[in-house]
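To start, the structure under review is shown below, and the notes come after it.
Number of protein chains: 2
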Amino acid sequence: MPSLFEDKISRLTEMTAENIAFLLANSVQKQFAKGEIAAQEGKSCTNCWFIEEGYLRATTTKDGKEIHLNFWFENTFATNLKSMRTLAISEFSIVAGEKTKVWEFEGAMLLKLYERSPQFESFGRKLLEELLIEQEEHINLFKLTTPTERYQYIAKTKLQLLQRISLTMLSSYLGISRETLSRIRKRQQ
Amino acid sequence: MPSLFEDKISRLTEMTAENIAFLLANSVQKQFAKGEIAAQEGKSCTNCWFIEEGYLRATTTKDGKEIHLNFWFENTFATNLKSMRTLAISEFSIVAGEKTKVWEFEGAMLLKLYERSPQFESFGRKLLEELLIEQEEHINLFKLTTPTERYQYIAKTKLQLLQRISLTMLSSYLGISRETLSRIRKRQQ
DNA sequence: TTTATTTTGTGACTTTTGACACAGGTACGT
DNA sequence: ACGTACCTGTGTCAAAAGTCACAAAATAAA
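Residue numbers (our numbering), protein chains in the order written: chain P, 1 to 189; chain E, 1 to 189.
Written out as structure tokens, the structure is:
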């Protein structure tokens, strides 16, 4: 039975079986317990993870409060692109939100793959395109919508966030206080 | 004298003179007058622009107010990635903010280039990496900072925005009302 | 330069959100 | 099942931001 990982790669771009096998051979399967830290704020983060099961969250602290910058669920790639590409220290930690099964690989390994075959370059490019399009949609939320509309958008298009993320974590991701999100949610019913 | 365009490409990735010439040959130099519309909201936008001089702004309307989603200055690439890659109709217009000189090329042409040489794939990938890292920084502003801190961050790291963008346009880009930004700016002096 | 247009500053007021505190609920490990 | 820790709902109040209106200033156009 092929993993989600293989499936994702094949869907994203054409890649020879040999290249896929090579990528798998250079990745390791890992499992994080709920709350386990995959990458620590303040250290450089050179790994990428493909998530087979569970989810990872990107989190940091501002004025004593925990803020969430991102969530990655099944069938997506989690990474700190800035840290990986510039070796800058990471401004957030990456933590498992549930028991989480991943394929882990090194950013440096990815760079080698890029040199090995144009198919990998193409894979990387398409992946980045997907991520950027999604990020742009997310960022427009903050410019175009009120907190209430932001909640409604999430409820309509990102149900997973409502179903699997605590209200407290979600509120910081939407740039709202926990109490305000709680009241918004109540009004919607 | 080489254009900024050639220079940008060379800095981003290794590319043969032949490939650069090919890219240039498939681009056209254009000039937009201030206020001229490069791409219209509601239509699909399949072009990319490299900006030699001036700037482009991404703008739309919400509740009768003009909101700015992005600004692109000299030496950067402007595009509506979502529209270009999925042929979706654009949710914003792209307008020249000053007299603006660009190199214009088709997204479809870019896809052909990707097939022509892995150097172009690599170029596209690196460009996307840059854009995504910058977007992530921008988006974190909305989760981690107050309007005042947002203004301070822009003042410190994106001086161009203060110097070349009107307060009205900037305020919508930062998700603040014009009046509030005016008051924040006054307090800083 | 003069006029017209656009942009910005500011006061008064309203609305929204945040902060704090605490009670009730839920989930988790032992 | 039990206790513990964490999460959520809610009341009260304070702070921040939004809205409206209009004057002043800056830009652009004639």
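Glycine included, each C-beta is placed from N, C-alpha and C at the ideal position.
Candidates Asn19/P, Pro2/P, Cys48/P, Arg187/P: closest to Phe120/P by CA position: Taking only the C-alpha atoms, the option nearest Phe120/P is Asn19/P.
When you compare only the Cα positions, how much space is there between Arg187/P and Leu174/E? Rounded to the nearest angstrom, the two C-alpha atoms are 27 Å apart.
Just to confirm before moving on: does the CB-CB distance between Phe92/P and Leu69/P stay below 8 Å? Yes, the Cβ-Cβ distance between Phe92/P and Leu69/P is below 8 Å.
Have a look at the DSSP bridge pairing and note the partners of Asn75/P. None; Asn75/P has no bridge partner.
Assign Ile176/P to one of three DSSP states: helix, strand, or coil. In this structure, Ile176/P counts as coil in the three-state DSSP scheme.
Every unbroken beta strand (DSSP E) inside the region 47 to 108 of chain P [3 residues or more]: Entirely contained in the region 47 to 108 of chain P, the beta strand (DSSP E) runs reaching 3 residues are, in chain order, 47 to 53, 56 to 62, 65 to 72, 77 to 79, 93 to 96, 100 to 106.
If Val102/P and Glu52/P are in contact, beta carbons under 8 Å, what's the gap, nearest whole angstrom? That pair is a contact at about 6 Å.
Between the CA atoms of Phe22/P and Arg116/P - distance to the nearest angstrom: So the two alpha carbons sit approximately 10 Å from each other.
Sub-8 Å separation of Gln160/E and Phe73/E beta-carbons: It is a contact, given that the beta carbons lie within the stated cut-off.
Buried or exposed for Gly42/P, going by 16 or more other Cβ atoms inside 10 Å? Counting Cβ neighbours within 10 Å, Gly42/P comes out exposed, since fewer than 16 surround it.
N-terminal and C-terminal residue of the alpha helix (DSSP H) that Gln163/E is part of: Counting along the chain, Gln163/E sits inside the alpha helix (DSSP H) bounded by residues 159 to 164.
With 9 Å as the limit, tell me which residues of the region 147 to 174 of chain E have their beta carbon closer than that to any beta carbon of chain P; keep them in chain order. Among the residues of the region 147 to 174 of chain E, those with a Cβ less than 9 Å away from any Cβ of chain P are Ser172, Tyr173, Leu174, in the order of the chain.
Please report how far the alpha carbon of Ser177/E lies from the alpha carbon of Ser171/E, in whole angstroms. When rounded, the distance between both Cα atoms is 6 Å.
Counting contacts by CB-CB distance shorter than 8 Å, is Ser44/E in contact with chain P? By this cut-off, Ser44/E is not an interface position.
In whole angstroms, give me the CA-to-CA distance for Thr46/P and Asn26/P. Distance from the CA atom of Thr46/P to the CA atom of Asn26/P, rounded to whole angstroms, is 14 Å.
Within chain E, partners of Gln135/P - CB distance below 8 Å: Here the neighbours are Leu132, Gln135, Glu136, Ile139.
Name the chain P residues whose beta carbon is nearer than 8 Å to that of Glu66/E? Those do not exist, as Glu66/E stays about 11 Å from chain P at its closest Cβ, beyond 8 Å.
Closest Cβ-Cβ distance between Phe142/E and chain P: below 8 Å? Chain P, which has a Cβ nearer than 8 Å to the Cβ of Phe142/E, makes this yes.
Would you call the CB atoms of Ala33/E and Lys82/E closer than 8 Å? Between Ala33/E and Lys82/E, the CB-CB gap reaches or exceeds 8 Å.
Gln29/P lies in the beta strand (DSSP E); which residues open and close that run? From DSSP, the beta strand (DSSP E) with Gln29/P extends over 28 to 32.
Measuring CB to CB, does Phe77/E end up less than 8 Å from Tyr55/E? 8 Å or more divides the Cβ of Phe77/E from the Cβ of Tyr55/E.
For Arg178/P and chain E, any beta-carbon pair shorter than 8 Å? Cβ-Cβ to chain E under 8 Å: no for Arg178/P.
Apply the 10 Å Cβ neighbour rule to Thr146/P and answer buried if 16 or more other Cβ atoms are within range, or exposed otherwise. Classification of Thr146/P: exposed, given that the 10 Å Cβ count is below 16.
Chain P within 8 Å of Ser93/E, Cβ atoms only: By this cut-off, Ser93/E is not an interface position.
Counting C-beta neighbours from all protein chains within 10 Å, is the total for Thr79/P 16 or more, i.e. buried, or is it exposed? Counting Cβ neighbours within 10 Å, Thr79/P comes out buried, since at least 16 surround it.
Since Tyr114/P meets chain E, which of its residues come closer than 8 Å, beta carbon to beta carbon? Here the neighbours are Ser122, Arg125.
Give the secondary structure of Ser117/E by DSSP, where H, G and I count as helix, E and B as strand, and everything else as coil. Note: Ser117/E maps to coil in three-state DSSP.
Going by CA-CA distance only, name the one from Arg57/E, Leu110/E, Glu130/E, Ser90/E that's closest to Met169/E. Answer by Cα proximity: Arg57/E.
Return the Cβ separation of Ala38/P and Ile89/P in integer angstroms, given the expectation that the two are a contact with Cβ distance under 8 Å. Going by Cβ atoms, the distance from Ala38/P to Ile89/P rounds to 16 Å, so no, they are not a contact pair.
Between Lys62/E and Leu144/P, which are expected to be in contact by the criterion C-beta below 8 Å, what is the C-beta distance as a whole number of angstroms? With a Cβ gap of about 5 Å, Lys62/E and Leu144/P count as contacting.
Thr180/E versus Thr148/E, Lys156/E, Tyr153/E, Ile139/E, residue with shortest Cα-Cα distance: Out of Thr148/E, Lys156/E, Tyr153/E, Ile139/E, the CA that lies nearest to the CA of Thr180/E is found in Thr148/E.
Output yes or no for whether 8 Å exceeds the beta carbon distance between Leu167/P and Ile154/P. The Cβ-Cβ distance between Leu167/P and Ile154/P does not fall below 8 Å.
Return the CA-CA distance between Leu132/P and Pro2/P, expressed in angstroms with no decimal places. About 27 Å.
Beta carbon of Ile231/E nearer than 8 Å to that of Gln152/P: This structure cannot settle anything about residue 231/E, because the visible part of chain E is limited to 1 through 189.
For the alpha helix (DSSP H) holding Ser3/P, just list the boundary residues, first then last. Annotation: Ser3/P is outside any alpha helix (DSSP H) and is labelled neither H nor E by DSSP.
Identify the residues that DSSP records as bridge partners of Ser122/E: which are they? DSSP, once it has assigned bridges, lists no residue as partnering Ser122/E.
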